[in-house]
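> Take 16 as the starting number for the sequence shown in my numbering and just add one per residue. Where a beta carbon is used, it is the ideal one built from N, C-alpha and C, also for glycine.
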Amino acid sequence: MIYIFDLDDTLYDERQYVESGLRAVAAFVNNTWKVDKERGFNELVTLLDQNGRGRIFNDFLANHGIAVNKQNVRACLSAYRLHQPTLTIPNNHLLLLERLPKPLYLVTDGNKVVQSKKVNALNIAHYFKRVFITHRFGIKHAKPSIYCFEKIKQAEQCKWHEMVYIGDNPAKDFVNLNKRGMLTVRVLTGVHSKVDAKPNFDARFTINNLDELPALML
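1) Could you spell out the range, first to last residue, of the alpha helix (DSSP H) harbouring residue 192?
2) According to DSSP, simplified to helix, strand and coil, what is residue 231?
3) Could you name the residues of the same chain whose beta carbon sits closer than 7 Å to that of residue 146, not counting the 5 residues immediately before and after it, in chain order?
4) Identify whether residue 70 lies in helix, strand or coil by the three-state DSSP scheme.
5) Give a yes or no on whether the C-beta atoms belonging to residue 56 and residue 77 are separated by under 8 Å.
6) Could you give the DSSP three-state label for residue 220: helix, strand or coil?
7) Pull the bridge partners of residue 27 from the DSSP assignment, please.
8) Taking the alpha-carbon of residue 286 as reference, which of 197, 188, 171, 61 has the nearest alpha-carbon?
9) Would you grab the beta carbon distance between residue 72 and residue 181 for me? Rounded to a whole angstrom, and I think it's under 8 Å.
10) For a cutoff of 8 Å on Cβ pairs, would you count residue 211 as touching chain B?
11) Using the C-alpha atoms, what's the distance from residue 179 back to residue 200?
12) Who pairs with residue 182 in a beta bridge, going by DSSP?
13) Going by C-alpha distance, which of 168, 144, 196, 97 is nearest residue 131?
14) Rounding to the nearest angstrom, what Cα-Cα distance links residue 185 and residue 95 in this structure?
15) Just grab the DSSP bridge partners of residue 120 for me.
16) How about residue 226 and residue 107: are their beta carbons less than 8 Å apart?
17) Return the chain-ordered list of same chain residues with a C-beta closer than 6 Å to the C-beta of residue 159, the five sequence neighbours on each side being excluded.
18) For residue 160, which of helix, strand or coil comes out of DSSP?
Structure below.
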């Protein structure tokens, strides 16, 4: 069996990265517009919890009387995306990666610089034969595209049913892989844990956490 993992909210809690990025933005705003960085961070977290990430920097700048224009919003976004995050992965997840039969693969969506920084911060690249950041191949190849999974299938010369993908997001992670007969496992962690999947979008198997994966698959 070829094991393929998602990254965010599957192997680690992505909230870590988000808060790390917001601290970087707060520091940038402090240096640029003299807004106290601890106060700024707390305000950004409050905006995140209230409204999500969509307009967080627009609203934050507006709250402090700072011009909400493309230049300023992009500067905040760059501070967020380009910062060097501090992230941790649970020890039991590392033990799982060591225990599972090799090769392992990682397939993750998102900005290619951001996702690469996450992988480096977690120090997990050496567990995987290859790390696929889908946006490196073009946004059109992000999930639910199976482009990167086809590359793994070709590299391993295996059948679809000999591959398993472990992810957390039922909106995109599983639907097209299910159609190919690939094994799919949804882990109920992170922001999508309470989401009810649309018909045919959920994984074939569901687990509460990665500790349950060996009993399911091995």
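Reading off the structure:
1) The continuous alpha helix (DSSP H) containing residue 192 extends over residues 190-195.
2) helix
3) 121, 134, 140
4) coil
5) no
6) strand
7) 23
8) Residue 286 lies beyond the residue range present for the chain, which begins at 16 and ends at 233; the question has no answer from this structure.
9) Rounded, the Cβ-Cβ distance is 32 Å, inconsistent with contact.
10) The structure shown contains no chain B, having only a single protein chain.
11) Whole-angstrom Cα-Cα distance: 7 Å.
12) 201
13) Taking only the C-alpha atoms, the option nearest residue 131 is 97.
14) 26 Å
15) 19, 145
16) yes
17) 187, 190, 191
18) In the structure shown, the three-state DSSP call for residue 160 is coil.
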